[in-house]
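J.: All you need for the numbering used here is the position in the sequence shown, starting with 1, plus 95. Where a beta carbon is used, it is the ideal one built from N, C-alpha and C, also for glycine.
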Amino acid sequence: MLDSGHTDKDPGALGVRGEYEKHYNDLLIQEVYTTLSRSGRFKVSLTHKPGEELSLKERVSRANAIPVDLLLSLHHNAVSESVSKAAVFQGKSIRESMEPVSGYSLYVSQENPKFTGSLLFATDIGAAMEEIERYPFQAKPSLQVPGSQRLMNMRFGIFQYDALGILRSAHMPAVLFEVGFIVDRNDELWLSQNRTLVAQQLVNAISRFAERRR
Numbered sequence: 096m097l098d099s100g101h102t103d104k105d106p107g108a109l110g111v112r113g114e115y116e117k118h119y120n121d122l123l124i125q126e127v128y129t130t131l132s133r134s135g136r137f138k139v140s141l142t143h144k145p146g147e148e149l150s151l152k153e154r155v156s157r158a159n160a161i162p163v164d165l166l167l168s169l170h171h172n173a174v175s176e177s178v179s180k181a182a183v184f185q186g187k188s189i190r191e192s193m194e195p196v197s198g199y200s201l202y203v204s205q206e207n208p209k210f211t212g213s214l215l216f217a218t219d220i221g222a223a224m225e226e227i228e229r230y231p232f233q234a235k236p237s238l239q240v241p242g243s244q245r246l247m248n249m250r251f252g253i254f255q256y257d258a259l260g261i262l263r264s265a266h267m268p269a270v271l272f273e274v275g276f277i278v279d280r281n282d283e284l285w286l287s288q289n290r291t292l293v294a295q296q297l298v299n300a301i302s303r304f305a306e307r308r309r
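(1) Bridge partners of ALA181, per DSSP?
(2) Quickly, what does DSSP pair ASN172 with across the bridge? List them, please.
(3) Taking the alpha-carbon positions, what's the GLU306 to ASN289 distance?
(4) Could you name the residues that DSSP lists as bridge partners for PRO231?
(5) How far does the alpha helix (DSSP H) with ARG303 in it reach, from first residue to last?
(6) Once DSSP output is grouped into helix, strand and coil, what is the label at PHE251?
(7) For the beta strand (DSSP E) containing ASP105, list its first residue and its last residue.
(8) Starting from ALA257, follow the beta strand (DSSP E) in both directions and report where the run begins and ends.
(9) Check the C-beta distance from VAL298 over to THR142 and give it rounded, since I have them as a contact under 8 angstroms.
(10) So, for GLU310: in the same chain, excluding its five sequence neighbours on each side, which residues have a beta-carbon less than 6 angstroms away from its beta-carbon?
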């Protein structure tokens with residue numbers, strides 16, 4: 096099951112092109128959904144459709160109510176206001192990091208009953224990103240990035256983050272993937288230009304995880 100991390104009422108962070116995080120999440124979810132469906136190997140469902148307003152609790156309940164083998168929640172990252180600035184891009188209000196920042200992060204919860212599976216799936220995603228030379232975010236002392244918790248795997252940028260309800264309350268292996276930073280011009284451009292490639296690598300990671308469970 097795929098989860099787009101935000102809704103219209105809670106669109107997430109504002110990026111360098113004047114689009115909110117939800118915009119990026121929905122586009123990538125659609126790419127992954129389409130690629131998975133075309134493969135014919137997987138039955139794919141969504142925690143919520145674009146425009147559908149469900150709380151986090153309702154989304155998790157929907158996932159737990161049906162037979163689901165895997166839950167992937169997709170997000171795009173930002174930085175705290177203290178290290179970002181407001182600006183204007185093509186007449187739109189935007190938010191931009193004051194320092195270069197790039198890379199992805201993966202989150203799992205040790206409180207998830209399928210924690211081992213969650214960690215294996217996060218590792219599969221990290222390996223898939225490495226194949227396309229996409230590397231995890233490396234924190235700098237001056238960049239206080241929300242969500243950084245206990246680092247479990249430096250190579251693949253995997254963090255333990257037990258406070259995330261989407262991970263903690265799911266009954267199946269669950270991973271939250273912060274794909275990159277929409278508040279950095281270069282990283283946002285990379286994300287926009289490589290969305291299809293990232294989606295394909297996520298499908299490859301899902302396939303590897305599924306093969307291991309056979």
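T.: By the coordinates alone:
(1) The secondary-structure analysis by DSSP pairs ALA181 across a beta bridge with ARG190.
(2) ASN172 pairs with PHE276.
(3) Distance from the CA of GLU306 to the CA of ASN289, rounded to the nearest whole angstrom, comes to 26 angstroms.
(4) According to DSSP, PRO231 bridges with TYR199.
(5) Taken as a continuous stretch (DSSP letters only), the alpha helix (DSSP H) holding ARG303 covers 290 to 308.
(6) Residue state, collapsed to three classes: coil.
(7) DSSP places ASP105 in no beta strand (DSSP E); its state is neither H nor E.
(8) The residue asked about is misnamed: residue 257 is Asp in this sequence, not Ala. Looking at the DSSP string, ASP257 is not in any beta strand (DSSP E), and its letter there is neither H nor E.
(9) Taking the Cβ atoms as the reference, VAL298 lies roughly 18 angstroms from THR142, outside the contact range of under 8 angstroms.
(10) There is no way to answer for residue 310, as the model of the chain reaches only from 96 to 309.
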